[in-house]
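**Student:** Chains as they are written, first to last, in the working numbering: chain A, 245 to 407; chain B, 245 to 407.
The beta-carbon is built from N, C-alpha and C at its ideal position, and this holds for glycine as well.
1) Under a three-way DSSP split, which group does residue 266 of chain B fall into?
2) Between residue 374 of chain B and residue 333 of chain B, what straight-line distance do the alpha-carbon atoms span, to the nearest angstrom?
3) Leaving out the 5 sequence neighbours to the left and right, which residues in its chain are closer than 7 angstroms to residue 394 of chain B when beta-carbon positions are compared?
4) Check whether chain B comes within 9 angstroms of residue 311 of chain A, counting only Cβ atoms and requiring the distance to be less than that.
5) Quick one: list the residues of chain B neighbouring residue 337 of chain A, beta-carbon separation under 7 angstroms, in chain order.
6) Check whether the segment 279-289 of chain B and the segment 325-332 of chain A are in contact - that is, three or more C-beta pairs closer than 8 angstroms.
7) Note down, in chain order, every chain B residue with its Cβ under 8 angstroms from the Cβ of residue 388 of chain A.
8) How is the alpha helix (DSSP H) around residue 361 of chain A delimited, first residue to last?
9) Under 8 angstroms, with one C-beta from each stretch per pair, do the segment 347-356 of chain B and the segment 384-398 of chain A reach the 3-pair mark?
10) In this structure, how does DSSP classify residue 326 of chain A when only helix, strand and coil are distinguished?
11) Is it the case that the Cβ atoms of residue 313 of chain A and residue 264 of chain A are separated by a distance below 9 angstroms?
12) Kindly indicate the opening and closing residues of the beta strand (DSSP E) around residue 438 of chain B.
13) What three-state label does DSSP hand residue 355 of chain B in the structure shown?
14) Taking just the CA atoms, how far does residue 380 of chain B sit from residue 337 of chain B?
15) Residue 329 of chain A: which of A/307, A/321, A/340 and A/317 sits nearest, CA to CA?
16) From residue 299 of chain B to residue 305 of chain B, what does the alpha carbon distance come to, in whole angstroms?
17) Between residue 377 of chain B and residue 341 of chain B, how many whole angstroms is the CB-CB distance? I'm expecting something under 8 angstroms.
18) Let me check understanding here. Comparing Cα to Cα, which of B/407, B/372, B/319 and B/320 lies closest to residue 345 of chain B?
19) Under 7 angstroms Cβ to Cβ from residue 271 of chain B, same chain only, skipping five residues before and after it: list those, please.
20) Quickly, what does DSSP pair residue 381 of chain B with across the bridge? List them, please.
21) Is it true that the CB of residue 277 of chain B sits closer than 9 angstroms to the CB of residue 294 of chain B?
22) Within the 9 angstroms Cβ cut-off, does residue 344 of chain B reach chain A?
23) Got a sec: is the Cβ-Cβ distance from residue 316 of chain B to anything in chain A below 9 angstroms?
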């Protein structure tokens, strides 16, 4: 599931001091994993485990982008929102590329400020700039209207097998 | 969209002489791109373009698997069906992995023989063996029952932005 816990509404986006940037290794200390636990089962990772996964994903370069939102003026600089984009390369569409948005979540205490929308819109821009012909995500039916505000339209159903 | 054109029904799977194997570079000459065109817009690729994309995907090792179905006894050994699996590495679920099934298609003249189901079931096995905690795909509502035969259950809606 791409995203089940962004904030329900956006407001005051324009003057929000929150900074949207790419994930950094030091974000492990800023509650990044705890934030993901608001979306899905997410046991904490040791610093070593986090660094290993971070390096694996960083090796994908611009084909794998995790954005985070932080308040630079906050003393602990905890991560308030995040979203991920990865680029899939295909043979169809003339060797086309598709952007996949995953793991969008906004901290429960920071919802209603449009942080999730800012993250998702930036991910869509990155995908477009990377030459993707489309961006897709899966969500619960309740979030259709939310993602419609980022330009998404419903295209199909998501199916899953859990092991 | 993961898959809109597999065959509607499976029959005679057990004694089917069709061989399921990984995509090879030489499959460009066996109609692989033409087969994909039954799923989505798919202009042909030059041998060089095909080889470049093939190499990019091969560099991902077992994180990107394309299976094809062929009849080894056929004179032209044309590709009859295909499906793709790629593995996404996450921070959540203890640094878990998710398998994504994409681009499942069966040649119109080869439908009804269960080739698509064989391909998808094998992709699910590969994902499970790779340690994925789930496999997901997007499809049209009409294909829900088809993928249910491979163990998939409906989980959400697919949203998309087209550029």
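**Tutor:** On the basis of the coordinates in this document:
1) Position 22 of the second chain, counted from the first residue, corresponds to residue 266 of chain B. Three-state DSSP puts residue 266 of chain B in a strand.
2) Sequence index remark: in the second chain, residue 374 of chain B carries index 130 (1-based). Sequence index remark: in the second chain, residue 333 of chain B carries index 89 (1-based). So the two alpha carbons sit approximately 11 angstroms from each other.
3) Here residue 394 of chain B corresponds to residue number 150 of the second chain, with the count starting at 1. Around residue 394 of chain B: 361, 364, 365 and 368.
4) Here residue 311 of chain A refers to the residue found at position 67 of the first chain. No, because no Cβ of chain B sits closer than 9 angstroms to the Cβ of residue 311 of chain A.
5) Here the question's residue 337 of chain A lines up with position 93 in the first chain. Within chain B, the residues near residue 337 of chain A are 284, 285 and 286.
6) no
7) Locating residue 388 of chain A in the first chain gives position 144, counting from the first residue. Residues of chain B passing the Cβ test: 401 and 403.
8) Stepping through the first chain from its first residue, residue 361 of chain A is reached at position 117. Counting along the chain, the alpha helix (DSSP H) containing residue 361 of chain A begins and ends at 359-373.
9) no
10) Sequence index remark: in the first chain, residue 326 of chain A carries index 82 (1-based). If DSSP states are grouped into helix, strand and coil, residue 326 of chain A belongs with the strands.
11) Reading the first chain from its first residue, position 69 is the one you call residue 313 of chain A. Reading the first chain from its first residue, position 20 is the one you call residue 264 of chain A. In this structure, residue 264 of chain A lies closer than 9 angstroms to residue 313 of chain A by Cβ.
12) Here chain B comprises residues numbered 245 to 407, so residue 438 of chain B is not present and cannot be evaluated.
13) Mapped onto the second chain, residue 355 of chain B falls at position 111. Residue state, collapsed to three classes: coil.
14) Taking the first residue of the second chain as 1, we reach residue 337 of chain B at position 93. Taking the first residue of the second chain as 1, we reach residue 380 of chain B at position 136. For residue 337 of chain B and residue 380 of chain B, the distance between alpha carbons rounds to 16 angstroms.
15) Counting from 1 along the first chain, the entry for residue 329 of chain A is found at position 85. Answer by Cα proximity: A/307.
16) Counting from 1 along the second chain, the entry for residue 299 of chain B is found at position 55. Counting from 1 along the second chain, the entry for residue 305 of chain B is found at position 61. Between residue 299 of chain B and residue 305 of chain B, the C-alpha separation is close to 10 angstroms.
17) Working through the second chain from its first residue, we reach residue 377 of chain B at position 133. Working through the second chain from its first residue, we reach residue 341 of chain B at position 97. About 7 angstroms; that satisfies the 8 angstroms criterion.
18) What you label residue 345 of chain B is simply residue 101 of the second chain in a count that begins at 1. For the residues B/407, B/372, B/319 and B/320, the minimum Cα distance to residue 345 of chain B belongs to B/372.
19) As a working note, residue 271 of chain B is residue 27 in the second chain. Closer than 7 angstroms at Cβ, skipping near neighbours: 312 and 323.
20) Looking up residue 381 of chain B in the second chain gives position 137. Beta-bridge pairing links residue 381 of chain B to A/403.
21) Walking along the second chain from the start, residue 294 of chain B turns up at place 50. Walking along the second chain from the start, residue 277 of chain B turns up at place 33. Their beta carbons are under 9 angstroms apart, which means residue 294 of chain B touches residue 277 of chain B by this criterion.
22) The residue you call residue 344 of chain B lines up with position 100 of the second chain. At least one chain A Cβ lies under 9 angstroms of residue 344 of chain B.
23) As a first step, residue 316 of chain B must be located in the second chain, where it is residue number 72. Chain A, which has no Cβ nearer than 9 angstroms to the Cβ of residue 316 of chain B, makes this no.
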